[in-house]
Amino acid sequence: MNKNTILKNLNPQQKEAVIHTEGPLLVLAGAGSGKTRVITHRFAYLSDVLKTSPASILTMTFTNKAAREMKERIERLMGKALKGSYIGTFHSQSSRILRREIDKLGFQKNFVIYDEDNSCSLIRSILKEFKIHEALYKGIVSKISSLKASLIGPEQFLMITHDEDSYGFDEKFARVYMRYQDELKKNNALDFDDLIMYTVKLFEKHPKVLEKYNREFPYIMVDEFQDTNTAQHRLSKLLAGKLRNICFVGDDDQSIYRFRGAEVKNLLTFEKDFPKAKVVRLEQNYRSTQNILNAASEIITRNPARKPKKLWSDRGDGEKICYCTTNNEIEEARFIASSIKEFYLKGKHSYGDFAVLYRVNFQSRVLEDVMLEHGLPYRVIGGISFYHRKEVKDIISYLRVINNPSDSLSLKRILSCPPRGIGATSIARMENEAKKKDKTLYELMKQTTRGNGTATALRGKVGDFIKSMEDLRRQKDGDLRKLLLQIYEQTGYLEWIGEEKAENLKALAASAEGKNLQEFIDITSLTGATDEDHGDDSISLMTLHSAKGLEFPVVFIAGVEDGLLPHFHTIKNPDELQEERRLFYVGMTRAQDLLILSTAKKRRLYSSVQKQEP
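Residue numbering for the sequence shown follows the working numbering, starting at 486 and increasing by one per position.
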């Protein structure tokens, strides 16, 4: 592609962002302003005009779906497949780097990636060992994740913690955190947050490794900059190197993931980090009418900590914003359902044109009941992803053990899937024995088959299992699809789960076609609930957080009431209240043609009916 072709149909600000390639760049991309268009055209400009290899342009975003769509759009624009390109999530890019370099941090290169369920299982076993109440495990996993997102390891946590009101809990937590990291390393495993934290650690401890990647990636692009946490921000700055040819694309007005560790200040203080940076504002909105943009602007301009921008549209004023007050949440849901039905019967809209957004998940129950009552097709966005289904996770655990027998967590999972007469007590006994002998559980089980005082019945069951696993391990470098089918048959798993769930495993085997074992394990580990596709012609029900990045001709926002939106937890905290405004702003700017807000005078909240104020 030549320069004129790439820049054709871009507005002046988009062109400015595309052709600025040397030195740091912040693209302030307002809602619906064509930010993905800028990224794709900038990639093509770097590749075809500046003759940069696509493999030298590191592009990072937050979800696999976003990365996949970005790559597809770049390929369509350039008219060719991008082989060997580095377009992916922060986690997948970090994983690719660590696969090459992690031995420098004392891990083996065939490490496994633990998801949240794996982390929870490991934490629970540690809490049990330390005689700490197991019910605390979710909070502890969340706190560890938060600390890692801030690049704080267990040692640093102890150094910075001096809370006399914690009654010794901080010290206990630090012990759990330290033990958790030790167990991960012993299992040759990393959790999601480790991927980025260890990549930062690698670069900071080994400057020559960093220099190698600075040379390999002379150009960096980061999407959704406003959602980066401390670790992701540090990684981005390290990768920028001395050239600092880094382009951040984001919108502080759409920063809504503070609860996940996102730091909007990364964007707000950009010019301090990069004093000679160029800032380009994309303010032309291609999605919404001017009335919708004006209403959204009225909300967001009340936030004191933001970069000013004024969105405008050439689509005209459009319909006025609708606001409806109802007596209770049932009336509200019926108003929404009957309005959708009325619009649909006029013949101008399909059901897929409608979205109903709400602040908290429990609001969906009444909406679902009323949709069923009216016979309207709907889907709740944000269900269980394919790779999070139990049967799929069980089989992935088999693959993990086949690839890395040191992964004791996955090994314990598959020992009872299907049940094979090796009970929890026997597993715990073998695990304790393994710790005493400084062996992995798998090594101890192999030793158990040779006798050493183990009961004959147990020795036989363990022996059968090890024989089966060793047979499967001999096939690990062959056809992955055949290996999966062999696991299903040889372990009796397919027969155990029944016909309905077996369909998911057939789909899993089909998705393994043409992939090697390590690659497939990484893909399944890095794929999250955000990657589910929803293609039906049905009404979309979702939280405001789930609506980020989507657009619909007609949008309803239910429950616009004090205590719900904004949420009552946020009202006394100025930073959190600003985030509530950003969340409302995101919801409003999902609407293309019509925005309808609704409220209820009374609503059942947390088991009691409460009066609500709009």
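Ideal Cβ positions, reconstructed from N, Cα and C, are used throughout, including at glycine.
So residue i and residue j are supposed to be a Cβ contact under 8 Å. How far apart are they, rounded?
i: I705; j: N730; result: 7 Å
i: V512; j: V765; result: 5 Å
i: P862; j: Y836; result: 5 Å
i: P1099; j: T810; result: 7 Å
i: T574; j: F547; result: 6 Å
i: S1025; j: I866; result: 6 Å
i: I821; j: S1083; result: 7 Å
i: T933; j: P890; result: The Cβ separation is near 14 Å, so there is no contact.
i: I887; j: M954; result: 7 Å
i: F688; j: N751; result: F688 to N751, Cβ: 18 Å. No contact.
i: P539; j: S570; result: 4 Å
i: Q717; j: I741; result: That pair is no contact at about 16 Å.
i: V1039; j: H834; result: 7 Å
i: K961; j: L1002; result: 5 Å
i: E668; j: L607; result: 6 Å
Would a C-beta distance cut-off of 8 Å place residue i and residue j closer than the cut-off?
i: M563; j: A529; result: yes
i: T684; j: I582; result: yes
i: R584; j: K568; result: no
i: A994; j: L969; result: yes
i: L675; j: Y599; result: yes
i: N496; j: Q769; result: yes
i: E1065; j: R743; result: no
i: V749; j: D758; result: no
i: F903; j: G948; result: Inspection of the sequence shows that residue 903 is occupied by Pro rather than by Phe. No. Outside cutoff.
i: R527; j: C732; result: yes
i: F1037; j: Q1097; result: no
i: R609; j: E601; result: no
i: I629; j: K657; result: no
i: A762; j: L531; result: no
i: F950; j: R905; result: yes
i: V734; j: A514; result: yes
Let's test the definition: count the other Cβ atoms within 10 Å of the Cβ of residue i and tell me whether it reaches 16, buried, or not, exposed.
i: L1079; result: buried
i: D1018; result: Since pLDDT at D1018 reaches only 48, below the 50 mark, its modelled position is unreliable, and no value is offered.
i: R1088; result: buried
i: P789; result: exposed
i: P760; result: exposed
i: K565; result: exposed
i: L612; result: buried
i: G1072; result: buried
i: H1150; result: The shown model of the chain, from 486 to 1099, leaves out residue 1150, and the question about it has no answer.
i: G746; result: buried
i: I587; result: buried
i: A781; result: buried
i: V1094; result: exposed
i: I1056; result: exposed
i: I645; result: exposed
i: Y662; result: buried
i: T490; result: exposed
i: K991; result: exposed
i: N473; result: In the structure displayed, the chain extends from 486 to 1099; residue 473 sits before or after that span and is not available.
i: F456; result: The first residue shown for the chain is 486 and the last is 1099, placing residue 456 beyond what the model contains.
i: F1005; result: buried
i: E876; result: buried
Could you please give the first and the last residue of the uninterrupted beta strand (DSSP E) stretch that includes residue i?
i: F733; result: I731 to G735
i: S1025; result: I1024 to T1028
i: M545; result: I542 to T546
i: R885; result: From DSSP, R885 is part of no beta strand (DSSP E) but of the alpha helix (DSSP H) over K875 to N888.
i: V764; result: K763 to L767
i: A942; result: Careful: A942 lies outside any beta strand (DSSP E), inside the alpha helix (DSSP H) at T941 to R958.
i: V512; result: L510 to A514
i: V1040; result: F1037 to I1042
Would you say residue i reaches chain C, if we count a Cβ-Cβ gap shorter than 8 Å as a contact?
i: E1098; result: Any reference to chain C falls outside this structure, which holds one protein chain only.
Check whether the Cβ of residue i lies closer than 7 Å to any heavy atom of the ligand ADP, and answer yes or no.
i: G801; result: This structure lacks the ligand ADP; in fact it carries no ligand of any kind.
Could you give the first and the last residue of the continuous alpha helix (DSSP H) run that contains residue i?
i: D1060; result: P1059 to M1073
i: F575; result: F575 to E586
i: I611; result: E601 to E614
i: Y978; result: Y978 to I982
i: T910; result: A909 to K921
i: I1081; result: Run containing I1081: none in the alpha helix (DSSP H); it sits in the beta strand (DSSP E), A1076 to A1085.
i: F504; result: Strictly speaking, residue 504 in this sequence is Ile, with Phe absent from that position. Element bounds for I504: P497 to I504.
i: I784; result: Q775 to I785
i: E560; result: N549 to M563
Quick check on the DSSP output: what are the complete beta strand (DSSP E) runs of length 3 or more inside the region 662-722, in order along the chain?
674-676 and 704-707
Just to confirm the assignment: which complete alpha helix (DSSP H) runs, minimum length 4, are found wholly within the region 796-879?
814-830 and 849-858
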